[in-house]
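Everything on this sheet refers to the single structure shown next.
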Amino acid sequence: MKTTIANVHKHVNETVTIGVWLHNKRSSGKIAFLQLRDGSGFIQGVVAKAAVSEEAFEQSKNLTQETSLYVTGKVVEDTRSPLGYELQVSDLEVIQEAVDYPITPKEHGTEFLMDHRHLWLRSTKQHAIMKVRNEIIRSTYEFFNKEGFVKVDPPILTGASAEGTTELFHTKYFDEDAYLSQSGQLYMEAAAMALGRVFSFGPTFRAEKSKTRRHLIEFWMIEPEMAFMDHEESLQMQEEYVAYVVQSVLENCKVELETLERDTAQLEKIKAPFPRITYTEAIQFLKDQGFDDIDWGDDFGAPHETAIAEAHDKPVFITHFPVEIKAFYMKPDPDNSDVALCADLIAPEGYGEIIGGSERIDDYELMAERYKEHELDGPAYEWYLQLRQYGSVPHSGFGLGLERTVAWITGIEHIRETIPFPRLLNRLYP
Ligand code: 4AD
Ligand code: MG
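Going by the working numbering, the sequence shown opens with residue 11, and the numbers climb by one from there.
As structure tokens, then:
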């Protein structure tokens, strides 16, 4: 019977056939230990000279790394392996012999690995990161469906910029100008007025000339938008969501977190509510810590965010930023119009901002004023202003950067390993 490594537990003491790649191998005179992978997991295949044909034994001793094959054998329990099972091989059939596979278990430099990303993805660590990424996506859909959200897909090609006009990728759209989406938010606001609670999940693009361990040129964002929800209610939704995702990963990715040597005690603590501090308090805190390179009105840099994060063992919301340094659509605080009803969520352990969100301006006059200030007078923005004319309501939303969240939850140093094929400054290959 044909099965997968993830499903061998259903076939204990039965003989099964699995399509695999040879990951690694050890052999002595009478026995060969094959480390096999099939994408669903890793299993050890034991080839005993006495149990297979002479030809099969010779073949197993000479198998090269990443050779594809079908192995047939009996599934037996093995408490020493992370999977809990091993395969007592009775037969094997090579599909294709791989020669001189470039990525051996030894150390390689980063640039070499990045140039071989199409193969690097097969390694145990990269495999584990992709599985965690998938669990974050899966539990995201589960959470928002449970909360009554409708998934809506905003366009990728747009005529409007959501997050400022300096970091746009430009392209021609027949005779018009078009840009790759920086954020689906503006469209999600329209969708929230039609469907109440909506969320999107899609690629976004920023032509940022930043070369840091937190920045990608192309990244994936989850953007919920909620009608009849104010700023504080949105923060509650955010903390519930982030806690749900972290607990789902802890529950469903035990083997992967172990492979990644993630300190899970740090993740166990991630439960709602999360602490909140205002921007003004954060500036004061930084000054008290001895930072003399930041003043009220400045945006935070990575060292500032890290210092704030280190004072907490959960993600922390920094709220009420100056209107001046935030996007045009954010609603000013009715008690102090210099600051906006907004928040950035800073991940623990120095992973930086994972969410940006706010209550949106719902007043037509105020939005019209903002349009003038930000020179958003082109026809591309007309529809967004109209949303404030026909039954405008208080509404809020946020965007969670998937890759930064993967980096934090997996404990990976650099964002380039959190997406299958990273688009970085100066990297479009593979
Ligand atoms: O804070 P940002 O720019 O917010 C927005 O785009 C809003 N329109 C979202 C909304 O309210 N619907 O981006 C949101 C998140 C950041 O917190 C960060 O996690 C991630 O997107 N992000 C990036 N991730 C990787 N590389 C980059 N260059 C990123 N820029 C933002
Ligand atoms: Mg932001």
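Built from N, CA and C at the ideal position, the CB exists for glycine as well.
Within 10 angstroms of its Cβ, does residue i collect 16 or more other Cβ (buried), or is it exposed?
| i | result |
| --- | --- |
| Trp306 | exposed |
| Ser38 | exposed |
| Tyr183 | exposed |
| Gln294 | exposed |
| Trp230 | buried |
| Lys35 | buried |
| Leu73 | buried |
| Gly158 | exposed |
| Arg90 | exposed |
| Lys324 | buried |
| His330 | buried |
| Ala292 | buried |
| Tyr439 | exposed |
| Thr168 | buried |
| Leu435 | exposed |
| Ala319 | buried |
| Tyr197 | buried |
| Ala172 | buried |
| Ser347 | exposed |
| Ile280 | buried |
| Thr120 | exposed |
With a threshold of 7 Å, establish whether the CB of residue i neighbours any heavy atom of the ligand 4AD.
| i | result |
| --- | --- |
| Phe229 | yes |
| Ser193 | yes |
| Ala350 | no |
| Gly51 | no |
| Leu79 | no |
| Leu226 | yes |
| Ala172 | yes |
| Gly360 | no |
| Gly411 | yes |
| Arg433 | no |
Leaving out five residues on either side along the sequence, give the residues of the same chain with a beta carbon under 8 Å from the beta carbon of residue i.
| i | result |
| --- | --- |
| Pro430 | Arg127, Leu131 and Met140 |
| Asn23 | Lys84, Val85 and Val86 |
| Leu260 | Leu267, Thr274, Leu277 and Glu278 |
| Pro285 | His322, Lys324, Val326 and Phe327 |
| His21 | Met11, Thr13 and Val85 |
Would you check if the distance between the CB atom of residue i and the CB atom of residue j is smaller than 8 Å?
| i | j | result |
| --- | --- | --- |
| Asp433 | Glu233 | At residue 433 the sequence reads Arg, which differs from the Asp that was named. No, the Cβ-Cβ distance between Arg433 and Glu233 is not below 8 Å. |
| Gln248 | Gly367 | yes |
| Ile365 | Phe301 | no |
| Glu96 | Ile147 | no |
| Val104 | Val57 | no |
| Val62 | Ile419 | no |
| Gln195 | Glu235 | yes |
| Ile328 | Ala350 | no |
| Glu177 | Ala217 | yes |
| Val265 | Arg207 | no |
| Thr14 | Thr82 | no |
| Ala200 | Leu397 | yes |
| Leu296 | Ile287 | no |
| Pro404 | Glu369 | yes |
| Phe185 | Ser406 | Note that residue 185 is Asp in the sequence shown here, rather than Phe. No. Outside cutoff. |
| Phe310 | His384 | no |
| Ser70 | Ala42 | yes |
| Ile425 | Leu226 | yes |
| Ala170 | Tyr391 | yes |
Excluding the 5 residues flanking residue i on each side, which residues of the same chain have their C-beta closer than 7 Å to its C-beta?
| i | result |
| --- | --- |
| Glu268 | Pro92 |
| Tyr254 | Ser149 and Phe153 |
| Gly362 | Arg224, Ala312, Glu315, Ile356 and Arg414 |
| Phe67 | Val57 and Lys59 |
| Leu395 | Met377, Ala378 and Tyr381 |
| Asp163 | Ser210 and Gly212 |
| Gln45 | His33, Asn34, Lys35, Phe52 and Gln54 |
| Asn262 | Glu145 |
| Ser258 | Glu145 and Ser149 |
| Leu374 | Just to set this straight, residue 374 is Tyr in the shown sequence, not Leu. Excluding positions up to five away in sequence, the list reads Arg398, Gln399 and Ser402. |
Excluding sequence positions up to five away, which residues of its chain have a Cβ less than 6 Å from the Cβ of residue i?
| i | result |
| --- | --- |
| Ser402 | Asp372 |
| Glu76 | Trp31, Ala108 and Tyr111 |
| Thr181 | Ala188 |
| Glu250 | Ala282 |
| Leu412 | Trp230 |
| Ala16 | Ser50 and Gly51 |
Regarding residue i and the ligand MG, is the C-beta to nearest heavy atom distance less than 7 Å?
| i | result |
| --- | --- |
| Glu363 | yes |
| Gly366 | yes |
| Asp345 | no |
| Asp354 | yes |
Starting from the N-terminal side, write out each stretch of the beta strand (DSSP E) that is 3 residues or longer and does not extend beyond the region 284–329.
-> 286–288 and 326–329
Contiguous beta strand (DSSP E) assignments of at least 3 residues, all confined to the region 75–147 = 78–87 and 95–106
Segments of 4+ residues assigned as alpha helix (DSSP H) that fall wholly inside the region 175–258 = 195–205
Let me know the alpha helix (DSSP H) ranges lying completely inside the region 355–402, each 4 residues or longer, listed in chain order.
-> 374–384 and 392–396
Complete runs of the alpha helix (DSSP H) confined to the region 12–65 [at least 4 residues] = none
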